[in-house]
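Trainee: Residue numbers (the working numbering): -17 to 172.
The beta-carbon is built from N, C-alpha and C at its ideal position, and this holds for glycine as well.
Fair warning: this is a prediction, and the values are worked out from it, not measured in the lab.
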């Protein structure tokens, strides 16, 4: 089992919120968003064993995903997760666009996230997760392993461009499919 998988499995354990300790962990992790990009000291208790030999961007990525996870799963909703490898921020934004039929503002939000500089990514992801949590009637299942891997890759120009392309592909593929469904009489001319 990879470090990423073990880490996300632990987040899911805390996300159950069945015990006082699990609820406390989620609250402390959620609080970490207020401190970011500094590593919040009250998060160390929960994350130190996963980040012991990690430094810099890699360590920050684990802390960020833990805080985003806790933020997204705050409240009374039952946590749901995705294991689909292709699920990413592009597919989540496309799902919200389909549900709300408000493509323009959602597309602007998505573009801001898609073009975020690594130093600003935490801000845009925090906004995106709050947007996804608060703007749907349903809880969108998020693939947190994929999220962490994408964030880990965001600090490298070559790998970031692959992540951006994957997110963009999922977003505009879904948007194109929705447009086709709305206009079934449109024919493709060769």
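I need the boundaries of the alpha helix (DSSP H) containing residue 133, first residue and last residue.
Mentor: In the chain shown, counting from the first residue as 1, residue 133 sits at position 151. Its alpha helix (DSSP H) spans residues 126 to 135.
Trainee: Using the C-alpha atoms, what's the distance from residue 96 back to residue 150?
Mentor: Locating residue 150 in the chain shown gives position 168, counting from the first residue. Locating residue 96 in the chain shown gives position 114, counting from the first residue. Going by the C-alpha atoms only, they are around 8 Å apart.
Trainee: Less than 7 Å between C-beta atoms, sequence neighbours within five positions excluded: which residues of the same chain meet that for residue 71?
Mentor: As a position in the chain shown, residue 71 is number 89, starting the count at 1. Here the set comprises 95, 110, 149.
Trainee: Using the DSSP secondary-structure output, state which residues sit across from residue 35 in a beta bridge.
Mentor: For the purposes of this step, residue 35 is taken as residue 53 along the chain shown, with counting starting at 1. Its beta-bridge partners do not exist; DSSP assigns none.
Trainee: Looking at the secondary structure, which residues open and close the alpha helix (DSSP H) in which residue 109 lies?
Mentor: Stepping through the chain shown from its first residue, residue 109 is reached at position 127. Run containing residue 109: 103 to 116, per the alpha helix (DSSP H) assignment.
Trainee: Whether or not the region 33 to 53 and the region 119 to 136 are in contact is what I'm after, with contact meaning three or more pairs of Cβ atoms, one per stretch, closer than 8 Å; do they touch?
Mentor: yes
Trainee: For residue 73, I'd like the list of residues in its chain whose CB is within less than 6 Å of its CB, leaving aside the five on either flank, ordered along the chain.
Mentor: Mapped onto the chain shown, residue 73 falls at position 91. Excluding positions up to five away in sequence, the list reads 152.
Trainee: Per the DSSP calculation, residue 63 is bridged to which residue(s)?
Mentor: What you label residue 63 is simply residue 81 of the chain shown in a count that begins at 1. The partner list for residue 63 (beta bridge, DSSP) reads 124.
Trainee: Please state the DSSP three-state secondary structure of residue 100.
Mentor: Taking the first residue of the chain shown as 1, we reach residue 100 at position 118. If DSSP states are grouped into helix, strand and coil, residue 100 belongs with the helices.
Trainee: How far does the alpha helix (DSSP H) with residue 5 in it extend, from its first residue to its last?
Mentor: Your numbering for residue 5 matches position 23 in the chain shown. Looking at the DSSP string, the run of the alpha helix (DSSP H) that includes residue 5 is 2 to 17.
Trainee: Using a 10 Å radius around the Cβ and a threshold of 16 neighbouring Cβ atoms, would you call residue 120 buried or exposed?
Mentor: Sequence index remark: in the chain shown, residue 120 carries index 138 (1-based). Answer is exposed; the Cβ neighbour count stays below 16.
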